[in-house]
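Enquirer:
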Amino acid sequence: MRKPCYEKYEINKGAWSKQEDQKLIDYIQKHGEGCWNSLPHAAGLSRCGKSCRLRWINYLRPDLKRESIREDEEDLIIRLHALLGNRWSLIAGRLPGRTDNEVKNYWNTHIRKKLLKMGSTLDPKKPHHHNDPHLRKGTTATVPLLQPDTSSPISFALSSSDSMSTGAEIHSNKSGLPDLNLDLSL
DNA sequence: AAGAGGTGCAACCGCCCAGGT
DNA sequence: CACCTGGGCGGTTGCACCTCT
2 MRKPCYEKYE
12 INKGAWSKQE
22 DQKLIDYIQK
32 HGEGCWNSLP
42 HAAGLSRCGK
52 SCRLRWINYL
62 RPDLKRESIR
72 EDEEDLIIRL
82 HALLGNRWSL
92 IAGRLPGRTD
102 NEVKNYWNTH
112 IRKKLLKMGS
122 TLDPKKPHHH
132 NDPHLRKGTT
142 ATVPLLQPDT
152 SSPISFALSS
162 SDSMSTGAEI
172 HSNKSGLPDL
182 NLDLSL
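According to our numbering, the first sequence holds residues 2 to 187 in order.
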């Protein structure tokens with residue numbers, strides 16, 4: 002069993018200070034996202050590499066949207082979740098400026114509650130494809146990016162119908178892994 | 001005004017996978 | 001082929017902030 006990184010070195014835990022943020026930003030702006038494991042030492046941070054990566058991806062990246070999730074984004078999250086299950090990184094990948102952590106948090110705090118209230122037949126905690134091996138790592142999802150300027154909210158009925166009703170097609174690619182072609186046109 | 005309870009989000013933990021040796 | 005290491009991901013936790021009484 003590997004020791005957690007914070008047991009190996011003198012590692013800070015908990016909330017990041019402004020100085021730490023600035024060091025990380027400065028380092029990445031100069032050197033780019035390289036080897037996360039060696040980054041903390043190189044950047045003069047008492048953090049583990051994973052922590053740095055998380056902080057950068059979820060909070061410091063310049064292309065992140067900081068405003069709350071819009072209605073159309075929420076609808077897309079629901080649709081993608083019905084197709085992909087808890088594959089937050091894939092879902093976030095279709096939402097420009099959003100992170101997997103943000104989408105995951107939003108799902109757990111807002112949408113799950115909403116669905117439970119609606120009495121959805123979908124179990125918000127157990128998506129259809131949660132354990133589908135075809136949707137494990139390596140899956141290529143071909144889903145149109147949400148247009149940032151989408152003005153009309155996406156409307157669709159939540160039901161217990163399977164993923165195909167949302168227009169998903171699963172094809173195999175060369176490596177034998179499936180490609181997902183999701184027709185999520187508005 | 002103050003305390004209790006609820007909520008939301010940042011961060012951590014542990015597991016899995018891919019690539020290197 | 002087995003093992004090791006780093007990167008990435010999903011689940012969960014902890015705490016600051018907000019709302020209610």
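Ideal placement from N, C-alpha and C gives every residue a C-beta, glycine not left out.
Treat the numbers as computed from the prediction; the structure is a model and nothing was measured.
(1) Round the Cβ separation of L65 and A44 to the nearest angstrom and send it over; I've been treating them as touching at under 8 Å.
(2) Could you check whether R56 and W37 sit closer than 8 Å to each other, using their CB atoms as the reference points?
(3) Are the beta-carbon atoms belonging to Y107 and I79 less than 8 Å from one another?
(4) Tell me whether C53 sits in a helix, a strand or coil according to DSSP, three-state version.
(5) Relative to the alpha-carbon of E103, which residue among L116, H32, S69 and G50 has its alpha-carbon at the smallest distance?
(6) Expressed to the nearest angstrom, what Euclidean distance is found between the alpha-carbon atoms of K127 and G86?
(7) Within 10 angstroms of the Cβ of E34, are there 16 or more other Cβ atoms? Answer buried if so, exposed if not.
(8) Take I29 as the anchor and find which of L116, T110, D101 and R62 has the nearest alpha-carbon.
(9) In the structure shown, what three-state DSSP assignment does G94 receive?
(10) Straight-line CA distance for D73 to A93?
(11) With a threshold of 6 Å on Cβ separation, who are the neighbours of W17 within its own chain once the five nearest residues in sequence on each side are excluded?
(12) Can the beta-carbon of S47 be found closer than 8 Å to that of I12?
Expert: In terms of the structure at hand:
(1) The residue you call residue 65 lines up with position 64 of the first sequence. The residue you call residue 44 lines up with position 43 of the first sequence. About 20 Å; that fails the 8 Å criterion.
(2) In the first sequence, residue 37 corresponds to position 36, counting from 1. In the first sequence, residue 56 corresponds to position 55, counting from 1. Result no, Cβ atoms of W37 and R56 do not sit closer than 8 Å.
(3) Position 106 of the first sequence, counting from 1, holds the residue named residue 107. Position 78 of the first sequence, counting from 1, holds the residue named residue 79. Taking 8 Å as the Cβ cut-off, Y107 and I79 do not qualify as a contacting pair.
(4) By one-based count along the first sequence, residue 53 stands at place 52. Of the three classes helix, strand and coil, the one that applies to C53 here is helix, per DSSP.
(5) Position 102 of the first sequence, counted from the first residue, corresponds to residue 103. E103 has its Cα closest to that of S69, out of L116, H32, S69 and G50.
(6) As a working note, residue 127 is residue 126 in the first sequence. As a working note, residue 86 is residue 85 in the first sequence. A caution first: K127 carries a pLDDT of 41, below 50, which makes its placement in the model too unreliable to give a value.
(7) Numbered from 1 along the first sequence, position 33 holds the residue referred to as residue 34. Of the other Cβ atoms in all chains shown, fewer than 16 fall within 10 Å of the Cβ of E34; this residue is therefore exposed.
(8) Numbered from 1 along the first sequence, position 28 holds the residue referred to as residue 29. With distances taken between Cα atoms, I29 lies closest to R62.
(9) In the first sequence, residue 94 corresponds to position 93, counting from 1. G94 falls in the helix class under three-state DSSP.
(10) Numbered from its first residue, the first sequence carries residue 73 at position 72. Numbered from its first residue, the first sequence carries residue 93 at position 92. Here the alpha carbons of A93 and D73 stand approximately 14 Å from one another.
(11) Here residue 17 refers to the residue found at position 16 when the first sequence is read from its first residue. Taken in chain order, the residues that qualify are R56.
(12) Residue numbering aside, residue 47 sits at position 46 when the first sequence is read from its first letter. Residue numbering aside, residue 12 sits at position 11 when the first sequence is read from its first letter. Taking 8 Å as the Cβ cut-off, S47 and I12 qualify as a contacting pair.
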